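All residue numbers for the sequence shown refer to my numbering, where the first residue is 19 and numbers rise by one. Everything on this sheet refers to the single structure shown next.
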Amino acid sequence: WKNIEKIPDAELWRIHNRRRERLVFFARKRLKKQLQRSGASHIEIHKADQILDPQILTICFARRFSTYKRGNLIFSDLNRLLKLINNEKYPMQIILAGKAHPLDNPGKEIIKEIYHYTKNERFQNRVIFLEDYDINVAKYLVQGADVWLNNPRRPLEASGTSGMKAALNGVLNLSILDGWWCEGYADETGFKIGNGEEYDNNEVQDHLEAEMLYNTIEKEVVPLFYDTDKNNIPTDWIKKMKAAISMAGKDFSSHRMLIDYTQKFYIPGIEASIKLRENNMELTKSVTEWVEKMSQSWESIHIKDVQIPEMENTIYVGQTFPIKIFISLGDINPNDVSVEIISGKLDSQEQIHNYKPTMAVLSEQNESDKISIFSGEVICKESGRFGITVRIIPNNENLLHTFKPKLIQWW
Numbered sequence: 019w020k021n022i023e024k025i026p027d028a029e030l031w032r033i034h035n036r037r038r039e040r041l042v043f044f045a046r047k048r049l050k051k052q053l054q055r056s057g058a059s060h061i062e063i064h065k066a067d068q069i070l071d072p073q074i075l076t077i078c079f080a081r082r083f084s085t086y087k088r089g090n091l092i093f094s095d096l097n098r099l100l101k102l103i104n105n106e107k108y109p110m111q112i113i114l115a116g117k118a119h120p121l122d123n124p125g126k127e128i129i130k131e132i133y134h135y136t137k138n139e140r141f142q143n144r145v146i147f148l149e150d151y152d153i154n155v156a157k158y159l160v161q162g163a164d165v166w167l168n169n170p171r172r173p174l175e176a177s178g179t180s181g182m183k184a185a186l187n188g189v190l191n192l193s194i195l196d197g198w199w200c201e202g203y204a205d206e207t208g209f210k211i212g213n214g215e216e217y218d219n220n221e222v223q224d225h226l227e228a229e230m231l232y233n234t235i236e237k238e239v240v241p242l243f244y245d246t247d248k249n250n251i252p253t254d255w256i257k258k259m260k261a262a263i264s265m266a267g268k269d270f271s272s273h274r275m276l277i278d279y280t281q282k283f284y285i286p287g288i289e290a291s292i293k294l295r296e297n298n299m300e301l302t303k304s305v306t307e308w309v310e311k312m313s314q315s316w317e318s319i320h321i322k323d324v325q326i327p328e329m330e331n332t333i334y335v336g337q338t339f340p341i342k343i344f345i346s347l348g349d350i351n352p353n354d355v356s357v358e359i360i361s362g363k364l365d366s367q368e369q370i371h372n373y374k375p376t377m378a379v380l381s382e383q384n385e386s387d388k389i390s391i392f393s394g395e396v397i398c399k400e401s402g403r404f405g406i407t408v409r410i411i412p413n414n415e416n417l418l419h420t421f422k423p424k425l426i427q428w429w
């Protein structure tokens, strides 16, 4: 996928422009059929040949219309949207498509609302809704859009596969950090709406994220798209296109998925199965007995104290500091547990993300009060609010994985 970088900018942009033109011509043809089916006048049908502009920034939103996907979020402030759409120097247009589940009446209402906006004279020629969304419609959209809009109510989006297909076609995603975009987003691959915040109040969330959406379009998307060189080629935009194609192909393909499953699950599973069946299941019986013993004694584990002397002072990026964990293990052998230090930057919900556990090692045992002391070191890798916690999990080299139901203790 690194070879994507070798594609000449002019060639990639020429092909993408052609795809956008095909999308516009397809949308016009599709809209004419919609108007004919609904009994529109001959004049109105004829005007469909003038909708959309094949040369301007095109944002697409196409998917199942569930309420949490908020297909109408971009219409939250009509005056703000009109300024973006009708900007004489840097115009843009929006194509929407999708269906609601037959029993999802709120989803149908969102489509109805959007349909009424498309009939508003102020939006005509720049905002359309394509009916009867199917694979063929999706093909034109994911190939011809400049921006793929996705604004679900975090954290309800499971995946967002349409965005993956769009990215593979060089379309830049503009999305809430939810579903696949939590992993796919980087400054060089697309645009984000917000920073992954979650809200208790839906109205507040919609208002704030609509503002974030408009701001991102106005201050990031539009300027980058129309920033062209002497040959009228948006080189920085194309750089993002190439990064998006490479990212989607490398990280979000079935090929990569099968490699991961094979290396992380299938091969280790086969090897473990062979090992566990040897000598009349001797190892299987031993591990089963060990797990039963750990389950019976697990509640006796208590984290008595965690000492972090450096936390009393200012900590700097790159600084390493020691941690001591005092644990009462009851009758559990210290070698039968793993003590992990979890550290990293805190988000707005007090959660630590993108962490890599640091193993603490047994450094001292106090026989009188049966306290085991584990020690470790943590590196502060980022500025901002820094969080630390500790967890205890079973430790046995013959377990297929270390996470067993109920066998975990957090500080």
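Here a beta-carbon is modelled for each residue, glycine too, at the ideal position from N, C-alpha and C. This one's a predicted model, so the numbers in the text were calculated from it and none came from an experiment.
Check, Outcome
"Close beta carbons around arginine 98, own chain, < 8 Å, minus the five adjacent residues each side", "Tyr232"
"Length at least 3, wholly inside the segment 153 to 235: the beta strand (DSSP E) runs in chain order", "165 to 168, 190 to 194, 208 to 211"
"Chain-order list of residues whose beta-carbon lies under 6 Å from that of isoleucine 333 (same chain, five-residue window excluded)", "Cys398"
"Coil, strand or helix - glutamate 358 by DSSP", "strand"
"CB contact flag (phenylalanine 344, isoleucine 321, <9 Å)", "yes"
"Status (buried if at least 16 other CB within 10 Å, exposed otherwise) for alanine 262", "buried"
"Segments assigned beta strand (DSSP E), at least 3 residues, entirely inside the segment 292 to 350", "320 to 325, 338 to 346"
"Outcome for threonine 76 when other beta-carbon atoms lying within 10 angstroms are tallied against a minimum of 16", "buried"
"Span of the alpha helix (DSSP H), counted from its first residue to its last, around proline 252", "It is not in any alpha helix (DSSP H) - proline 252 carries neither H nor E in the DSSP assignment."
"Assumed close pair lysine 430, leucine 186 - CB separation to whole angstroms, cut-off 8 Å", "Because the chain here runs from 19 to 429, residue 430 falls outside it and cannot be looked at."
"Simplified DSSP state of tryptophan 19, which is helix, strand or coil", "coil"
"For isoleucine 25, the three-state DSSP class (helix, strand or coil)", "coil"
"Distance, aspartate 218 Cα to asparagine 143 Cα", "38 Å"
"Residues bridged to methionine 377 (per DSSP)", "Glu358"
"Paired residues, beta bridge with proline 412 - DSSP", "Val355"
"Beta bridge counterpart(s) of arginine 82 as assigned by DSSP", "Lys117"
"Check whether leucine 159 and isoleucine 128 have beta carbons under 9 Å apart", "no"
"Identified DSSP bridge partners for glutamate 395", "Pro340"
"Cut-off 8 Å between Cβ atoms - residues of its own chain near leucine 100, not counting five sequence neighbours on either side", "Arg140, Phe141"
"Strand pairing of methionine 110, partner residues [DSSP]", "Leu75"
"Delimiting residues of the beta strand (DSSP E) encompassing leucine 364", "First-last for leucine 364: undefined, no H or E at that position."
"7 Å CB neighbourhood of tryptophan 308 in its chain, flanking five on each side removed", "Asn414"
"Backbone CA spacing between glycine 267 and glycine 188 [nearest angstrom]", "11 Å"
"Residues near asparagine 168 in its chain [Cβ-Cβ closer than 6 Å; skip 5 each side]", "Gly178, Gly181, Ser193"
"Local conformation of glycine 57 per DSSP, three classes", "coil"
"Beta-bridge pairing of glutamine 427 - partner residues as DSSP gives them", "Ile410"
"Residue interval of the beta strand (DSSP E) (run including valine 145)", "145 to 148"
"Where the alpha helix (DSSP H) through phenylalanine 270 begins and ends", "Unbroken run through phenylalanine 270: none, as it is neither H nor E."
"The segment 77 to 85 in contact with the segment 115 to 124 per 3-pair CB rule at 8 Å", "yes"
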